[in-house]
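Structure (structure tokens):
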């Protein structure tokens with residue numbers, strides 16, 4: 001509805017998604033292939049992995065103890081915010097207590113919505129939705145993943161590469177789950193280089 005509302009699909013477009021947004025982007029590309037000319041997935045959710053990440057282990061422990069209200073990615077105190085930043089980033093950012101409190105204050109009014117959304121996404125019916133749809137992705141696809149990702153294990157990259165015919169994988173050393181925060185310049189350059197490559201290939205086909 002959003003795509004149609006802003007008329008984004010007047011011509012095929014490049015779609016980028018990260019983490020849960022990567023799950024959404026991948027499923028969209030699979031369901032509406034005529035809308036997408038190319039795709040970038042940055043450490044996307046929605047995939048099974050051969051190795052459980054630190055976050056998945058924590059989540060399983062919370063589910064077993066029935067304490068699902070304490071989701072590590074939905075902090076409600078400055079201490080929980082600091083823990084979330086450590087979980088998501090390989091690079092250690094020194095964040096003052098006052099800033100941590102401010103970040104929490106901004107999020108708290110929306111935490112109930114975030115919690116409902118998160119639980120719906122990790123529900124058994126939808127937790128592997130990208131995996132179930134990835135073989136339908138026809139567009140050239142770029143996958144970017146932090147090698148030290150503690151939220152979603154980097155092995156997901158090879159899962160995508162084995163299912164998508166035209167898939168380009170880039171693993172970033174010394175980088176966690178917050179790829180666009182930890183390595184913004186590298187991420188932007190990779191996306192621009194990928195688009196330039198596709199443009200060059202398209203031009204060569206037209207000249208052939």
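In full-length UniProt numbering, the protein residues as written are 1 to 208.
No residue lacks a Cβ here, since even glycine has one placed at the ideal position from N, Cα and C.
Are the beta-carbon atoms belonging to residue 42 and residue 179 less than 7 Å from one another?
-> Along the chain shown, read from residue 1 onward, the residue named residue 42 stands at position 42. Along the chain shown, read from residue 1 onward, the residue named residue 179 stands at position 179. Their beta carbons are under 7 Å apart, which means residue 42 touches residue 179 by this criterion.
Which term fits residue 27, buried or exposed, when burial requires 16 or more other beta carbons within 10 angstroms of its beta carbon?
-> For the purposes of this step, residue 27 is taken as the residue at position 27 of the chain shown. Residue 27 should be labelled buried.
At least 3 beta-carbon pairs within less than 8 Å: the stretch 164-176 vs the stretch 133-141 | yes
Applying the criterion that 16 or more other CB atoms from any shown protein chain within 10 Å of the CB defines a buried residue, is residue 90 buried or exposed?
-> What you label residue 90 is simply residue 90 of the chain shown in a count that begins at 1. Label assigned to residue 90: buried.
Which two residues bound the contiguous beta strand (DSSP E) that contains residue 146?
-> Translated into positions along the chain shown, residue 146 becomes position 146. Its beta strand (DSSP E) spans residues 141-146.
With burial defined as no fewer than 16 other Cβ atoms inside 10 Å of the residue's Cβ, what is the status of residue 184: buried or exposed?
-> Mapped onto the chain shown, residue 184 falls at position 184. Looking at its Cβ environment, which holds fewer than 16 other Cβ atoms inside 10 Å, residue 184 is exposed.
With DSSP as the reference, label residue 113 as helix, strand or coil.
-> As a working mapping, residue 113 is identified with position 113 in the chain shown. In the structure shown, residue 113 sits in a helix (DSSP, three-state: H, G or I).
Sub-7 Å separation of residue 84 and residue 75 beta-carbons = Taking the chain shown and counting its residues from 1, the one referred to as residue 84 is at position 84. Taking the chain shown and counting its residues from 1, the one referred to as residue 75 is at position 75. A contact, by the Cβ cut-off of 7 Å.
Quick one: what does DSSP say residue 108 is sitting in, helix, strand or coil?
-> Counting from one through the chain shown, the residue named residue 108 turns up at place 108. Here residue 108 sits in helix by DSSP.
Taking all protein chains shown into account, decide if residue 44 is buried (16 or more other Cβ within 10 angstroms of its Cβ) or exposed.
-> Taking the first residue of the chain shown as 1, we reach residue 44 at position 44. Buried, since its Cβ has 16 or more Cβ neighbours within 10 Å.
Assigned secondary structure, residue 128 (DSSP; H/G/I helix, E/B strand, else coil) | Counting from one through the chain shown, the residue named residue 128 turns up at place 128. Residue 128 falls in the coil class under three-state DSSP.
Residue 199, DSSP secondary structure in three states | The residue labelled residue 199 in the question sits at position 199 within the chain shown. Note: residue 199 maps to helix in three-state DSSP.
Does the ligand GDP have a heavy atom nearer than 6 Å to the CB of residue 85?
-> With respect to small molecules bound, the structure shown includes none, and the ligand GDP cannot be examined in it.
Comparing alpha-carbon positions, which option in 61, 147, 205 and 36 lies nearest residue 209?
-> Lying before the first or after the last residue shown, residue 209 is absent from the chain, which here runs from 1 to 208.
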